[in-house]
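Asks:
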Amino acid sequence: MTLQFRPLHPDFGAEASGLDLTQPLGAAQVAEVVAAMDRFGILLFRGQPLTPDQQMAFTRHFGPLDLGFRRVKNAPGSAQPHRFAYDELADISNVEADGSVARRESRKIVSNIANQLWHADSSFQRPRAAYSMLHAVVLPSWGGNTEYADMRNAWDRLDARTQAMLRPLVAEHFALHSRFLLGDDGYTPAQIAAIPPAKWPIVQRHSGSGREHLYIGAHARAIDGMVLAEARMLLADLLEHATHPDHVYRHQWQVGDLLIWDNRCTLHRGRAYDLSERRELRRSTTLDAESEHRFLPEEALQAA
Ligand SMILES: [Fe+2]
Numbered sequence: 000m001t002l003q004f005r006p007l008h009p010d011f012g013a014e015a016s017g018l019d020l021t022q023p024l025g026a027a028q029v030a031e032v033v034a035a036m037d038r039f040g041i042l043l044f045r046g047q048p049l050t051p052d053q054q055m056a057f058t059r060h061f062g063p064l065d066l067g068f069r070r071v072k073n074a075p076g077s078a079q080p081h082r083f084a085y086d087e088l089a090d091i092s093n094v095e096a097d098g099s100v101a102r103r104e105s106r107k108i109v110s111n112i113a114n115q116l117w118h119a120d121s122s123f124q125r126p127r128a129a130y131s132m133l134h135a136v137v138l139p140s141w142g143g144n145t146e147y148a149d150m151r152n153a154w155d156r157l158d159a160r161t162q163a164m165l166r167p168l169v170a171e172h173f174a175l176h177s178r179f180l181l182g183d184d185g186y187t188p189a190q191i192a193a194i195p196p197a198k199w200p201i202v203q204r205h206s207g208s209g210r211e212h213l214y215i216g217a218h219a220r221a222i223d224g225m226v227l228a229e230a231r232m233l234l235a236d237l238l239e240h241a242t243h244p245d246h247v248y249r250h251q252w253q254v255g256d257l258l259i260w261d262n263r264c265t266l267h268r269g270r271a272y273d274l275s276e277r278r279e280l281r282r283s284t285t286l287d288a289e290s291e292h293r294f295l296p297e298e299a300l301q302a303a
C-alpha cells in the first residue's frame, strides 16, 4: 500500500498522502487510487505543485479526457479565447485570456456563476464525466470554498417508499438549464445545440462500490412521463435532502491542493468569493466511457 488516509467527513471523503502526483504512476498505484475513490468518493492530495502538463498526464492515467462545457464555448461563431494549451483543461478562474482579472459583467464570470448550484460535472452529455480533478493555483483572501455531498449516503437516508417511487424514474439533463435558471440566457442557437440533452436514471448503482445512489443536480430539468412542475419540485426536494448541511464536506482550498471527485456518486458546488481578487484553479475531467452504453432509458425502464 502506497496511500495513507485521513477522513474529511464522517460520511465520505479522505485526504490521501504518500504519492507524488508530479511523477508518472505505475498500474498498481493507479489501481490504488481508483479503489480509494470507489470507497471515499472524493480524495484530497495536498502540496502537489502540478504544471498543466503534469496535471494532464496524471489525469490520463484514469481514462479518456472530457471536453464538457467547453463544447458550448467552442460552438461555431462563438469561440472564446482559452488560456491553456489544452482544451480539456478547464479554466476555473476569474482571469481573462490577457491575464487581467475579469470584470464581473464579462461572459466568463456570468457563465461560471452556475457552478455555484449543486451539480455533477457533464451530467448533461452521453458519455458523462467520471472523475474531476481540481487543482488550486491562486486563491482569494475570502470565500471560494467548494462543497461536496455523497449521493450514496443520500440514497441510504431515504425511506423505503420514496426509494421505490424513485427507482423507475429517468431524468433529462441539459447543459444550459442551470444557466437559464440564473437568467444567463445569452447563448447563440449554435451554442444551445452544441450538447444535446442526455437522459439518466435518477437511481443508479455505482459500479466501483456496488452501492446505489441518486444521480441528480442542477443540470436535470425534467423527468420522463411526469408533469413538469411536479418533476422540478421532486428534483428540488431530492437536492435539498441530498445536500443537508450535516452531510456536506466544505473544502477550504490551499495552494497546491488537488481534489478528485467522482461525478457519478457525488455532487458539488462552488461558493462565492470576492470577484475583484484573483482566483485560479484548473480542472481536468475523465469520461465515464462505459456510460455511453449503460443506463439507456429503455434499459432502466425494463429493470424497474
Ligand atoms: Fe463543477
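Oh and the sequence shown: position 61 is 60 in numbering that gives the first Met the number 0, straight run, nothing missing. Idealized CB from N, CA, C, for every residue including glycine.
For E291, tell me which candidate among Q124, L274 and T187 has the shortest Cα-Cα distance.
Replies: Q124
Asks: What are the boundary residues of the beta strand (DSSP E) that includes A228?
Replies: From DSSP, A228 is part of no beta strand (DSSP E) but of the alpha helix (DSSP H) over L227 to A241.
Asks: Looking at E31 and W141, is the spacing between their C-beta atoms short of 9 Å?
Replies: no
Asks: Kindly indicate which three-state DSSP category M0 falls into: helix, strand or coil?
Replies: coil
Asks: Run through DSSP, which three-state label would P48 get?
Replies: Note: P48 maps to coil in three-state DSSP.
Asks: For M55, which of R293, E289 and T284 has the nearest alpha-carbon?
Replies: T284
Asks: Can you tell me the Cα-Cα spacing of G255 and L233, whole angstroms?
Replies: Counting only the Cα atoms, L233 lies some 39 Å from G255.
Asks: Cβ of S131 versus every heavy atom of ligand 1: is any distance shorter than 8 Å?
Replies: yes
Asks: When burial is assigned at 16 or more other CB atoms within 10 Å of the CB, is A370 buried or exposed?
Replies: Residue 370 lies beyond the residue range present for the chain, which begins at 0 and ends at 303; the question has no answer from this structure.
Asks: Assign P63 to one of two classes, buried (16 or more other C-beta atoms within 10 Å of its C-beta) or exposed (fewer than that).
Replies: exposed
Asks: Is there at least one non-hydrogen atom of ligand 1 closer than 8 Å to the beta-carbon of N152?
Replies: no
Asks: Cβ of H118 within 8 Å of any heavy atom in ligand 1?
Replies: yes
Asks: In three-state DSSP terms, what is P139?
Replies: coil
Asks: Starting from R281, trace the beta strand (DSSP E) both ways and give me its first and last residue.
Replies: E279 to L286
Asks: What residue does the alpha helix (DSSP H) around L20 start on, and which one ends it?
Replies: From DSSP, L20 is part of no alpha helix (DSSP H); its letter is neither H nor E.
Asks: Look at G185 and R59 and say whether their C-beta atoms are less than 9 Å apart.
Replies: Contact flag unset, no.
Asks: Using a threshold of 8 Å, is the CB atom of G209 nearer than that to any non-hydrogen atom of ligand 1?
Replies: no
Asks: I need the straight-line Cα distance from I259 to R282, nearest angstrom please.
Replies: Rounded to the nearest angstrom, the two C-alpha atoms are 10 Å apart.
Asks: Identify whether A30 lies in helix, strand or coil by the three-state DSSP scheme.
Replies: helix
Asks: Note the first and the last residue of the continuous beta strand (DSSP E) segment covering H145.
Replies: According to the sequence displayed, residue 145 carries Thr and not His. Residues T145 to D149.
Asks: Please classify A135 as buried or exposed, where buried requires at least 16 neighbouring CB atoms within 10 angstroms.
Replies: buried
Asks: Hey, D287 and P126 are a contact pair by Cβ (cut 8 Å); roughly how many whole angstroms apart?
Replies: 6 Å
Asks: Please state if the CB of A15 and the CB of L24 are separated by a distance shorter than 9 Å.
Replies: For L24 and A15, no; Cβs fall outside 9 Å.
Asks: Nearest to D149 by alpha carbon, out of A221, A26 and Y248?
Replies: Y248
Asks: Would you check if there are 3 or more beta carbon pairs closer than 8 Å linking the stretch 165–178 to the stretch 198–215?
Replies: yes
Asks: Determine the closest residue to H118 out of L7, R220 and P139, with distance taken between C-alpha atoms.
Replies: The option with the nearest alpha carbon to H118 is R220.
Asks: Please tell me whether, using a cut-off of 8 Å, the distance from the CB of H267 to the nearest non-hydrogen atom of ligand 1 is below it.
Replies: At a cut-off of 8 Å, the beta-carbon of H267 counts as near ligand 1: some heavy atom of the ligand is closer than that.
Asks: Does the beta-carbon of S327 have 16 or more other beta-carbons within 10 angstroms, so that it is buried, or is it exposed?
Replies: Here the chain has residues from 0 to 303 only, and residue 327 is not among them.
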